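Numbering (the working numbering), first residue to last: 444 to 679.
The beta-carbon is built from N, C-alpha and C at its ideal position, and this holds for glycine as well.
Predicted model only: the values in this text are computed from it and were never measured.
Read through the structure below, which is laid out as structure tokens, and then see the notes.
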Amino acid sequence: MAMQRTLLKTEDGSFTVQDNRTGETYHSLHGAVNESLHIYIQYGLHHWIEQHSDKRRMTILEMGFGTGLNALLALYEAQRMGLEILYHTYELYPLEQGEYSSLSYPSLNDYYSTSTDRYLQELHTLSWDEPHLVEPSFLLYKHHIDFVDASLPKCVDVVFFDAFSPNVEPLLWTPEVFAKLYNLQAPGGILTTYCAKGIVRRALQEAGYVVERLSGPIGKREVLRASKPYSSEVTL
Numbered sequence: 444m445a446m447q448r449t450l451l452k453t454e455d456g457s458f459t460v461q462d463n464r465t466g467e468t469y470h471s472l473h474g475a476v477n478e479s480l481h482i483y484i485q486y487g488l489h490h491w492i493e494q495h496s497d498k499r500r501m502t503i504l505e506m507g508f509g510t511g512l513n514a515l516l517a518l519y520e521a522q523r524m525g526l527e528i529l530y531h532t533y534e535l536y537p538l539e540q541g542e543y544s545s546l547s548y549p550s551l552n553d554y555y556s557t558s559t560d561r562y563l564q565e566l567h568t569l570s571w572d573e574p575h576l577v578e579p580s581f582l583l584y585k586h587h588i589d590f591v592d593a594s595l596p597k598c599v600d601v602v603f604f605d606a607f608s609p610n611v612e613p614l615l616w617t618p619e620v621f622a623k624l625y626n627l628q629a630p631g632g633i634l635t636t637y638c639a640k641g642i643v644r645r646a647l648q649e650a651g652y653v654v655e656r657l658s659g660p661i662g663k664r665e666v667l668r669a670s671k672p673y674s675s676e677v678t679l
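This is the structure in structure tokens:
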């Protein structure tokens, strides 16, 4: 299926993509890098490490590979923090070569010394539906499939829930989908998302998660972090 998309520059100098059918962007126009670092790295990856300081291996599941930015940041964090990360990401409509080759994240130089260009292009060009050892510390598995139909991995530690909004993809923000994720996670597992709507918070709670409202990045008041308590599974 051909997609109509436009490359846009955000306020921190990094680029994102707009889906012209819906008008939705893959990241905040206030800053793509700032948003991903705030929601998925700080509130997600870093928080899990703080809660599991004895562990250096983790499995991340991402809903929506998109521009590859979240995967790129997780790769850098694996190298910076001495982690081993298995990264599963799901995307039904991958960017085309002409789109991802134009992406740029110059503001990452403020955080990491490694050049972003090589890694970003590599993450996009690696084949789908098979694992790739990008670095000894980072194993990437890109799944080209609708998340609703996917067979999911077990023992997921952190979920980056970065799908299009409930207005565009309502079937991805249901208690049933969140319960599916909940049951993949060990107690103490977490899920972070940019969407703080009441319908999303209630769906997460119905699935069994304990949900926190956290301060959002620039331009966004709140985001959500959901944690799996140390109790039995919930099945819907």
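Whole-angstrom distance between LEU614 and LEU667, CA atom to CA atom: 19 Å
Could you round the C-beta distance between ILE482 and PRO660 to whole angstroms and report it? I think they count as a contact, below 8 Å. 7 Å
Leaving aside the five residues before and after GLU534 along the sequence, list all residues of the same chain whose C-beta is less than 8 Å from its C-beta, in chain order. GLY507, PHE508, GLY509, LYS585, HIS586 and HIS587
Do VAL653 and GLY632 have their C-beta atoms closer together than 8 Å? no
Mind checking whether LEU516 and LEU480 have CB atoms under 8 Å apart? yes
THR459 beta carbon less than 8 Å from that of THR453: yes
Note down the Cα distance separating MET444 from ASP462, rounded to an integer number of angstroms. Since pLDDT at MET444 reaches only 48, below the 50 mark, its modelled position is unreliable, and the value read off the structure follows with that caveat. Cα-Cα distance, rounded: 13 Å.
Assign ALA606 to one of three DSSP states: helix, strand, or coil. coil
Start and end of the alpha helix (DSSP H) containing SER540? Before going further, note that residue 540 is Gln rather than Ser in the sequence given. Here the alpha helix (DSSP H) through GLN540 covers 540 to 543.
Nearest-angstrom Cα distance between PRO426 and GLU649? Within the shown structure, residues of the chain are numbered from 444 to 679, placing residue 426 beyond reach of any answer.
Around the Cβ of LEU576, are there at least 16 other Cβ atoms within 10 angstroms (buried) or fewer (exposed)? exposed
State the Cα-Cα distance for the pair HIS470 and LYS498, rounded to the nearest angstrom. 30 Å
Can you tell me whether DSSP reads ASP592 as helix, strand or coil? helix
Determine which residues share a DSSP beta bridge with VAL643 and list them. DSSP lists no partner for VAL643.
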